[in-house]
Structure formats: C-alpha cells, structure tokens
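Each protein sequence line maps, in turn, to chains A and B. Here the first sequence stands for residues 145 to 426, numbered as in my numbering. Here the second sequence stands for residues 145 to 426, numbered as in my numbering. Working notes for the structure below.
2 protein chains.
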Amino acid sequence: MTSAPTDTSVTRPRSEFDRDIAVARAEERSDELVGTLSDGWRVGGGINGGFQMSLLGNAIRATLPAHPDPIAMSAYFVSPAVAGPVTAAVRPQRLGGRTATVAADLKQGDDVRLTVLATYGDLDSFPADDVRTTATPFDLPPRERCVPNTMAPDDVQKMAPFLQRFEMLFHPDEIGWAVGEPSGRGQVTAWFRLADGREPDPLALLLAVDALPPVTFDLGLPGWAPTIELSAHVRAKPAPGWLRLRHRTRNVAGGMFEEDCEVWDSADRLVAQSRQLALLPR
Amino acid sequence: MTSAPTDTSVTRPRSEFDRDIAVARAEERSDELVGTLSDGWRVGGGINGGFQMSLLGNAIRATLPAHPDPIAMSAYFVSPAVAGPVTAAVRPQRLGGRTATVAADLKQGDDVRLTVLATYGDLDSFPADDVRTTATPFDLPPRERCVPNTMAPDDVQKMAPFLQRFEMLFHPDEIGWAVGEPSGRGQVTAWFRLADGREPDPLALLLAVDALPPVTFDLGLPGWAPTIELSAHVRAKPAPGWLRLRHRTRNVAGGMFEEDCEVWDSADRLVAQSRQLALLPR
C-alpha cells in the first residue's frame, strides 16, 4: 500500500522505544507518515494503547517543528491494533501561537486504530517558576521493598511481551491481585522506567500513563478493560531517573470505571496526569 | 451560506436550553447540521465552551439514533465562538456495537470553533446495579446558606449574560473571590440548575462541567483562563432536581492548571466527571 519509507531520521535511535516509535514520510503521500507496531508492545491480542499514543505522538511531533512537545492528547481507540505496518495522518486544526492543535489517525490498511486530538507546544518556553501545586506524591516504598514485574509467570510474560519493555516495581500492598488476593482499594502504584534505561521524555509519558495493569485487577476484576477514552496532560519535561506511577479509580458504576493516573518524576514534580474511561471486564 | 434549515424536530422545545441547542439538517448539505449560538450563552467576548459542547453534542445525537447519550467527549477549542449561525459536521469513526465513536466540528463560516472526539451509547442499556464507587459527595451547605449568582453586580451580569441561564448557589466559604478575598483552596462548589427549571440530562451535563467560574478565581487569579482541552464523562442519566458541582485544581504549574469537575445528582450519584487543562490568566 505504501512504498518503502524514506528514512529522514538524523540520529541513530538510542533505545528500543525510540527505534519502535520511529516514523518516516511516505514517498508518494506527503501527508502521511509510516511506521511499524512491533510485537514487543503487545498485550494479549492487541498492541498497548499508550504505545500507540507515543508512536502517533512522534508522528505529530514530526509535523510541528515549532511545537515539539505533547501537552494534551485525547485518544479514542477505534479498533484493536496488531503488530505490523501503520500509517499516521496528521491534520492541523490550529497552528501558530503558543500552542498548536491537530487531529491525527493511526491506521493499518484502511482501518483506523486510534484517533486523537492533541495540543502541542514547547515545554521549555512555558514558565518554570510559577509552581503552586497542592498535589503531593503518593505513598510508595523504596524500590528494594517493591515487587518487580520480572516475577510475573512465564505464561503472563508470553501473553504480554509488553511487560519486558519496562522495569516496574509495584507497591507491595497493591500487588496481591497477582496471587488472587486483590486489596480492593482500586489502586496500583509502581516505580517505572524503560527496560533499556532510556530516560523519560514527554513522548514516553504518553506511554507511561497506560502502562500499568488495569486498576480493576486490584478490585478483583481480572480481564481486559477496553478503553473508551484516554486524555493525557504532560505538565513538564521529566527529570532523568525513575518515574512513580499511580493508577486509581473512585467511580465504578454503570459497567464503566474511570482510571486516573499521576506520574511523578525523580525531582518530585507531577509531570503528567491522565484519566481514562474504560468498560469493566465482562 | 446555508439556506433556511428544514426543521425536523418533532417536539416543541420546552426550555431556553432545548431551544438554543436545537439543530436542523441543512438542505443542500446532508452531512451538516445548522444551529445558532445565542448571545445569552456569552461570557465576555465568547460563547461558553460547555454550551458549545451541548449544541455539538445535540448534533451528534441527531446522527446516532441507536446511541443517544454522550458518554465521553473530548473538546479542543480552536477559536473563540461568537453569537450567530453555526454548522456542525459529524464524521463517524466507528458505529455499531454498544458504543459509537465520532469526530465532530462546530464551525462559523469556514472557521472551526470547536473540534471534538466523542463516544455515545444508550445509558439505559448500561447496567445500573454494579455501583462500587468509593467516591463520596463533597461538602456543600444547604441551599439557603449558599450565595446565589443573582447577587453578581450588574456589570458582571452584563459582561456574562451566561450567568442568567442558571441558578447557582455557591459554597459560602468559596465565594470570597467575588469580594476580593479568595480562599486560596483552588475550589469552587455550588448547587446548580437551569434557570427555567429544565431538568438535567446527559446533554445538560456537558454544559454543567464548564459552567462555574474558573477555579483560579479562588486562587486570587481573576481573568480568562483559556481551555486547552476538556474531557467529560457522563456516567449516568441524572435524576430530576438540583445538581451539585465542584471544580478543583491540584496542580498549578508551568503556566497551566488542571480543573477537575464532579457533578452529583439529587439521588447522590456521581453522574459526570470532567477534567480540563487550561492556561493561567495572564
């Protein structure tokens, strides 16, 4: 459907994340970018949604030289994505000024997998000295007291190769679901970094907000929880080092639940917030 | 630009809200609906964003007979809307099944004012008996102890005719900003109903989540706070009667703040949640 991409990247990808979100302009369709969803980001039958957001976010970044950073992205997952080639189409809605807004689709063949609206800007140009946040970091024990994702059984690792892309160290009080003893709090908290040590940046935060297991696991509701909508806000460029993630739900009702995610960086800043609405596992 | 609309409504609008969100199919463009933004929903120089969401939400509803209720809507405000004619274009992304997803634009002439992604469904078909919410209603004194919006000075009422569309009764501890004494909590809580007594429904909830003054007023930051993105989730059809709304922010940083809104109905159910990212007033 598309010819071999013209590789316009000027730097050698430094990590599996950078390699796998890479896009290039399609030769014969100047308004589309092409990339590949690697099987390594699969969870069960589909490619993880946050990873799709990162790849599409990278395609948007490539079209907005003056506005390199995702600030807000609202993602609607239209059909399950599988490993293989993808095309990204980006349609500017408003350019110029402090922020730019676009609509964008990630497609496989003629099927839209993910459609988003997003606002980008240059986070370095935003004021850094007006922090008046009242949010405080959540409780998370030191890493040596947390439970690593590498303890997941072989069959789980095989079902979700996605897990091997990260180091995740779970709060010991919120990992009981892994052995059939969910806490019932509706909360999953973990230390998080990319497995190959690649440092976090705004594109990686789009992945981070959808990386932990569904918070419904902690409510004793295992199984796939299809996302209806996920909106992520990137509030600052994260400092190098480990991230801390918390997924939480407060409102399980009507066959749906909301999942709020906070991402804190090593400098104790709330660098990303997201909320998704998802269907309860059936 | 468009000829007189063919009115296809079968019921007489019962309220100013129903009258003002009404849309009709344009004769010569079957893929577009036409309506009018009434000056009554203006705040300062622009028409309120939540009202725009309700009108566009009504246009989406008109195109999705099997999926009448907004469940999730993510709104990006592309340019300020003024009183006058609007057209709504709805592009299906995924139809069929339990939910349908669309992209939609609200335009004035060739200028897009608002672009959204939205998922609709039939809330009556969602389970009603699986409520496991841990959220609890916020503190709000009885209505007779709250401060009504009708106390706003004449010049404010004139600047924002929007205010006259509602009865809003503010928490007495969170209205100090109106007399130059903001609480600094970053919270605004109020009783809320449409001024003409029209009962709440899912479309009115899209309006409710953006109806209160910006939460930055309570931080001593008066002025317009432009919305970057607002995502609303409608979780249930509201019961008749007063709604209770709370806007709150926890993370003021980088020249931006998030504003979370909860809407509780008279049956003590959390019927809508929203989050918006906005720029701090300059």
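Each residue gets a CB set at the ideal place from its N, CA and C atoms; glycine is no exception.
task: Kindly indicate if chain B contains any beta-carbon less than 8 Å away from that of I191 of chain A.
output: no
- request: Could you name the residues of the segment 241-254 of chain B whose beta carbon sits closer than 7 Å to any beta carbon of chain A, in the order they occur along the chain?
  value: T243, T245, A247
- request: Using only the heavy atoms of the ligand MN, determine whether one of them is closer than 7 Å to the beta carbon of S223 of chain B.
  value: For the structure depicted, the ligand MN is absent and the ligand set is empty, with no information on it obtainable.
task: Answer with yes or no whether the minimum CB distance from A148 of chain B to chain A is below 8 Å.
output: Any reading at A148 of chain B needs caution, since the residue's pLDDT is 42, under 50, leaving its predicted position unreliable; the model's value is listed next. It does not; no Cβ of chain A falls within 8 Å.
field: Whole-Å CB distance - A486 of chain A paired with T231 of chain A, under 8 Å assumed
entry: The structure shown does not extend to residue 486 of chain A, since chain A spans only 145 to 426, so no value can be given for it.
message: If you reduce the DSSP assignment to three classes, tell me which class R163 of chain A lands in.
response: helix
Closest Cα partner of D397 of chain B within the set A:A272, A:D249, A:T393, A:D268: Going by the sequence as given, residue 397 of chain B is Ala instead of Asp. Of A:A272, A:D249, A:T393, A:D268, the residue nearest in Cα terms is A:A272.
- prompt: Secondary structure at D412 of chain B, three-state DSSP: helix, strand or coil?
  reply: coil
C-alpha gap between W185 of chain A and W368 of chain A, whole angstroms: 16 Å
task: Under 8 Å between beta-carbons, which chain A residues line up against Q417 of chain B? List them in chain order, please.
output: N395, E402, R419
message: Could you check whether the Cβ of L261 of chain B sits closer than 8 Å to any Cβ belonging to chain A?
response: yes
message: Please tell me whether A219 of chain A and V167 of chain A are closer than 8 Å, where the distance is taken between their beta carbons.
response: no
message: By the three-class DSSP mapping on this structure, what secondary structure does W321 of chain A have?
response: helix
task: Consider the Cβ of F270 of chain B: report whether some Cβ of chain A lies at a distance smaller than 8 Å.
output: yes
- prompt: Who are the Cβ neighbours of L350 of chain B in its own chain at under 7 Å, not counting the five residues just before and after it?
  reply: G194, M197, S198, G201, P214, M217, A376
message: For the structure I just gave you, are there three or more beta carbon pairs, one from the segment 297-314 of chain B and one from the segment 415-422 of chain A, closer than 8 Å?
response: no
field: Whole-angstrom distance between R426 of chain A and A262 of chain B, CA atom to CA atom
entry: 23 Å
- request: Measure the beta-carbon distance from R329 of chain A to E318 of chain A and round it to whole angstroms, keeping in mind my assumption that it falls under 8 Å.
  value: 7 Å
message: I want to see whether chain A comes within less than 8 Å of R276 of chain B, judged by CB atoms only; does it?
response: yes
- prompt: Taking buried to mean at least 16 other C-beta atoms within 10 Å of its own C-beta, is T280 of chain B buried or exposed?
  reply: exposed
message: Please report the distance separating the alpha-carbon of Q301 of chain A from that of G189 of chain A.
response: 13 Å
Buried or exposed (CB count within 10 angstroms, at least 16 for buried), D283 of chain B: exposed
task: If I'm right that V222 of chain A touches R238 of chain B with Cβ under 8 Å, what's the distance once you round it to whole angstroms?
output: 5 Å
- prompt: At which residue ranges does the segment 341-393 of chain A contain complete beta strand (DSSP E) runs of 3 or more residues, listed in the order of the chain?
  reply: 371-378, 387-392
task: Apply the 10 Å Cβ neighbour rule to V323 of chain B and answer buried if 16 or more other Cβ atoms are within range, or exposed otherwise.
output: exposed
field: Where R235 of chain B falls, given that 16 or more other Cβ within 10 Å makes a residue buried
entry: exposed
- prompt: Mind checking if S153 of chain A is an interface residue toward chain B, Cβ cutoff 8 Å exclusive?
  reply: Legend: pLDDT at S153 of chain A = 49, less than 50; position of this residue unreliable, value from coordinates given subsequently. False, the Cβ-Cβ gap to chain B never drops below 8 Å.
Assigned exposure category for E288 of chain A - 16 Cβ within 10 Å defines buried: exposed
task: Could you work out which residue in B:T333, B:A352, B:D409, B:V332 is closest to A339 of chain B when comparing CA atoms only?
output: B:A352
task: Starting from E373 of chain B, find everything on chain A with Cβ-Cβ shorter than 8 Å and list it in chain order.
output: A216, S218, L261, T263, S375, H377
- prompt: Buried or exposed: where does E325 of chain A fall if 16 or more other Cβ atoms within 10 Å of its Cβ makes it buried?
  reply: exposed
query: DSSP state of V300 of chain B, grouped into three classes?
result: helix
query: Apart from the five residues just before and just after G240 of chain A, which ones in its own chain have a Cβ nearer than 7 Å to its Cβ?
result: none
message: Here's the rule I'm using: 16 or more other beta-carbon atoms within 10 Å means buried, otherwise exposed. How should M145 of chain B be labelled?
response: Any reading at M145 of chain B needs caution, since the residue's pLDDT is 38, under 50, leaving its predicted position unreliable; the model's value is listed next. When all chains shown are included, M145 of chain B counts as exposed.
- request: Note down, in chain order, each residue of its chain lying with its Cβ closer than 6 Å to the Cβ of A383 of chain B, except the 5 sequence neighbours on either side.
  value: D409, S410, A411
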